[in-house]
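In the numbering used here, the protein residues as written are 27 to 268.
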Ligand code: IPE
Ligand code: IPE
Ligand code: MG
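This is the structure in structure tokens:
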């Protein structure tokens with residue numbers, strides 16, 4: 027590619043966040059883990075609001091993984107209550123602020139009341155286009171790819187597809203994220219440098235940023251610094267810079 031054709035450095039259109047560190051944040055204050063989860067949930071609005079000015083059209087946040095069921099019943103039940111309350115409390119504001127909300131993950135294990143609220147929020151905000159907020163709830167990358175493969179196999183069994191149709195593009199159409207672009211930047215808070223089963227397929231070429239800040243202490247200012255620093259990165263996608 028010639029110099030003239032090279033696009034100027036751009037910000038990330040899609041940022042995904044692994045919101046980690048709620049438990050430690052609470053423990054440091056001698057409070058139960060759920061206290062940290064409530065504090066963490068309150069940070070989300072600020073990040074969503076920061077998106078338009080930063081040029082971030084898609085924000086995807088990891089709220090509950092397929093592995094998080096291994097936590098105590100008290101913590102899991104508390105989180106499920108928190109998700110229900112979050113939707114009820116934030117719905118009107120999200121709608122008014124032009125946020126389109128989607129959920130990814132397997133809904134089968136979630137309680138019916140929560141799933142109804144999720145469906146309603148998706149439908150209610152489906153006309154919005156200012157920011158696309160995707161909430162990963164009972165989400166696991168391996169689980170998502172497995173479910174996609176199962177549905178693909180079913181289509182073949184039904185005779186609607188053949189094995190020759192199975193390529194990366196077709197498989198991606200069966201993923202929960204089929205309407206979303208791949209994330210450009212994945213941020214994880216709390217100092218852990220791992221993916222924990224988040225957007226495995228979609229993040230094949232994402233840039234990663236691991237920060238020590240615990241999620242309830244994460245601010246729009248820090249978010250903005252990370253997003254702006256992304257422009258200086260050299261994404262090669264396997265090619266060589268001219
Ligand atoms: C992230 O915070 C939120 C969820 C996984 C639901 P954690 O609860 O994992 O907090 P730490 O990692 O124990 O501090
Ligand atoms: C990842 O965090 C899941 C969410 C942020 C929802 P975890 O705290 O569950 O991940 P591990 O267990 O430290 O890998
Ligand atoms: Mg954690």
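Using N, Cα and C, we set each Cβ at its ideal position, and we do this for glycine too.
Residues that DSSP places opposite residue i in a beta bridge
i           : result
residue 157 : 125
residue 88  : 44, 162
residue 234 : 212
residue 130 : 162
Host beta strand (DSSP E) of residue i (start-end)
i           : result
residue 215 : Looking at the DSSP string, residue 215 is not in any beta strand (DSSP E), and its letter there is neither H nor E.
Residue i Cβ short of 7 Å to ligand 3 heavy atom set
i           : result
residue 49  : yes
residue 152 : no
residue 216 : yes
Residue of the options minimising C-alpha distance to residue i
i           : options            : result
residue 148 : 252, 160, 38, 48   : 160
residue 105 : 78, 91, 79         : 91
residue 234 : 244, 243, 246, 259 : 259
residue 217 : 84, 244, 232       : 244
residue 99  : 59, 120, 158, 66   : 59
residue 2   : 179, 69, 162, 192  : This structure leaves residue 2 out entirely; the chain is present only between 27 and 268.
residue 205 : 166, 38, 219, 86   : 86
Delimiting residues of the alpha helix (DSSP H) encompassing residue i
i           : result
residue 250 : 246-256
residue 185 : Per DSSP, residue 185 belongs to no alpha helix (DSSP H) and is neither H nor E.
residue 67  : 59-67
residue 74  : 70-80
residue 142 : 138-150
residue 195 : 194-199
Residue burial classification, residue i (beta-carbon count within 10 angstroms, cutoff 16)
i           : result
residue 170 : buried
residue 40  : buried
residue 126 : buried
residue 151 : buried
residue 189 : exposed
residue 264 : exposed
residue 84  : buried
residue 253 : buried
residue 54  : exposed
residue 82  : buried
residue 213 : buried
residue 257 : exposed
residue 157 : buried
Cβ-heavy atom distance, residue i to ligand 2, below 7 Å
i           : result
residue 46  : yes
residue 175 : no
residue 198 : no
residue 109 : no
residue 94  : yes
residue 220 : yes
residue 42  : no
residue 88  : yes
Any non-hydrogen atom of ligand 1 within 7 Å of residue i CB
i           : result
residue 105 : yes
residue 59  : yes
residue 64  : no
Cβ-heavy atom distance, residue i to ligand 5, below 7 Å
i           : result
residue 229 : With respect to ligand 5, the structure shown offers nothing to examine, as its ligands consist of ligand 1, ligand 2 and ligand 3.
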